[in-house]
Amino acid sequence: MLFHVEMIIEIPPDTDPDKIAKLSAEETALAKELQRSGTWRHIWRVVGKRANISIFDVKDAEELHAILSGLPLFPYMRITVVPLCRHPAKYDGTG
17 MLFHVEMIIE IPPDTDPDKI AKLSAEETAL AKELQRSGTW RHIWRVVGKR
67 ANISIFDVKD AEELHAILSG LPLFPYMRIT VVPLCRHPAK YDGTG
């Protein structure tokens with residue numbers, strides 16, 4: 017099942033920058049691992065924000081929730097999830 021996920025990072029100003037740097041490095045490593053496995057299909061940065069738009073390919077909403085809540089920066093995220101399905105007008109490369 018495909019999900020469109022918007023993640024906005026909101027770090028409180030009084031948060032230890034070293035802690036955030038460590039969590040960010042852990043998050044990058046995990047994101048790359050999930051991309052290699054095909055679970056985190058796409059990721060795009062949102063211009064002018066500390067945010068991204070991503071596409072996840074998972075079994076169901078529970079699996080997605082487990083992945084998102086396991087992200088190191090999850091406590092600092094505002095997340096919007098939209099389930100997706102194929103559109104009948106999608107061009108398949110034929111005709």
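Residues in the sequence shown are numbered from 17 upward in steps of one, following this note's numbering.
From the three backbone atoms N, C-alpha and C, an ideal C-beta is built for every residue, glycine too.
Spatial neighbours of residue 25 in its chain, beta-carbon cut-off 7 Å, leaving aside the 5 residues before and after: Sequence-distant partners of residue 25 (beyond 5 residues in either direction) whose C-beta falls short of 7 Å from its own C-beta, in its chain, are 66, 67, 89, 92 and 93.
Examine chain C for any beta-carbon lying closer than 8 Å to the beta-carbon of residue 18, and answer yes or no. Among the chains of the structure shown, chain C does not appear; only one protein chain is present.
Range of the contiguous beta strand (DSSP E) that encloses residue 70: 67-73
Note the first and the last residue of the continuous alpha helix (DSSP H) segment covering residue 44. 33-52
Just confirm the distance between the C-beta atoms of residue 21 and residue 70, as a whole number of angstroms; I'd bet it's less than 8 Å. 5 Å
Looking at C-alpha atoms only, which residue of 108, 77 and 105 is the closest neighbour of residue 97? 77
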